[in-house]
Amino acid sequence: AVPRCHAAQSGTIKLALVGCGGRGTGAVGNAFSTTGGPVKLHAMADLFDNRLQSSLKQLTTSSPDKVDVPADRQFIGFDAYKKAVDSLDPGDVVLLTTQAAFRPLHFEYAVAKGVNVFMEKSFATDSPAARRLLAAADASEKKGLKVGAGFMWRHSTAREEVIKRIHDGAI
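In this text, residue positions in the sequence shown follow my numbering: the first is 963, and each later residue adds one.
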C-alpha cells in the first residue's frame, strides 16, 4: 500500500500544470476527481498564453472551488515550467503534460526541487532522453518522491482481457 501524503499544513495538495493543452487540462480534471485528499490547482505553465487561458477558463468553469491561479502564477515561455515548479512546496504535485521532447528536462527539475510528479506519456523521444528520465526516476526514489505516469492501457479492451487472463491464471 502506498502511504498517504499531504503537502501543506492545510492538508491541501497544490498542483502545478505544465502543458495546458487538452491532455493537461484533462489530467487536472482527473486530479480533481480523486478522493485521497483535497487538491487545488495552484499554478499553470505553457509556451502559449492562449492555451493557458483556454485551459484555465475550462477548469474554472468546471471546478471553480478547486482553481486558484491568479495572474502571478500563470507562466508563459520556455522557462515557465521552472516558475510553476518553484511555486510549489516539497510534497506538492506537478503535472507534466507537454510534448515528450521536454519531459526529461521538466522531470529532472521537479525531482531536484523535491516535488511529486505525474507525467503523461510519451516519456521520451530517443535513447538519451530515456536514460535521462530513468536517472531522474532513480533520484526520485532516493528522495522518496511519488511519481505517477499516464498510460492509455485502461482504455484498451484487449489489454484488459490479457490482464484478466493473467489474474485468472490462464497466462
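All residues carry an ideal CB built from backbone N, CA and C; glycine is no exception. Since we're looking at a predicted model, the values are computed, not measured.
Option in the options with minimal Cα separation from residue i
| i | options | result |
| --- | --- | --- |
| residue 987 | 1009, 997, 1131 and 1019 | 1019 |
| residue 982 | 975, 1037 and 1093 | 1037 |
| residue 1051 | 1131, 974, 1021 and 1133 | 974 |
| residue 1066 | 1119, 1125, 998 and 1102 | 1102 |
| residue 1048 | 1122, 976, 1093 and 1123 | 976 |
| residue 1087 | 1062, 1022, 993 and 1073 | 1062 |
In DSSP terms, what residue i is bridged to
| i | result |
| --- | --- |
| residue 1037 | 1007 |
| residue 1002 | 976 |
| residue 1057 | 979 and 1080 |
| residue 1111 | 1081 |
| residue 1029 | 1003 |
Beta-carbon proximity check, residue i vs residue j, cutoff 8 angstroms
| i | j | result |
| --- | --- | --- |
| residue 1005 | residue 1035 | yes |
| residue 1079 | residue 1107 | yes |
| residue 1094 | residue 1070 | yes |
| residue 998 | residue 1024 | no |
| residue 1028 | residue 1064 | no |
| residue 1120 | residue 1109 | no |
Neighbourhood of residue i by C-beta, 8 angstroms cutoff - its chain only, sequence neighbours within 5 removed
| i | result |
| --- | --- |
| residue 1041 | none |
| residue 1039 | 1009 |
| residue 1105 | 1073 and 1076 |
| residue 1030 | 1002, 1003 and 1004 |
| residue 989 | 979, 1057, 1059, 1080, 1082 and 1112 |
| residue 1054 | 969, 970, 975, 976, 977, 978, 1004, 1077 and 1078 |
| residue 963 | For residue 963, the predicted structure reports a pLDDT of 43, less than 50, and the residue's modelled location is therefore unreliable. The matter cannot be settled from this model. |
Neighbourhood of residue i by C-beta distance below 6 angstroms, restricted to the same chain and skipping five residues each side
| i | result |
| --- | --- |
| residue 1112 | 1082 and 1083 |
| residue 1017 | 982 and 987 |
Same chain, Cβ closer than 7 angstroms to residue i, neighbours up to 5 away in sequence not counted
| i | result |
| --- | --- |
| residue 980 | 1007, 1043, 1046, 1056, 1057, 1058, 1059, 1060 and 1068 |
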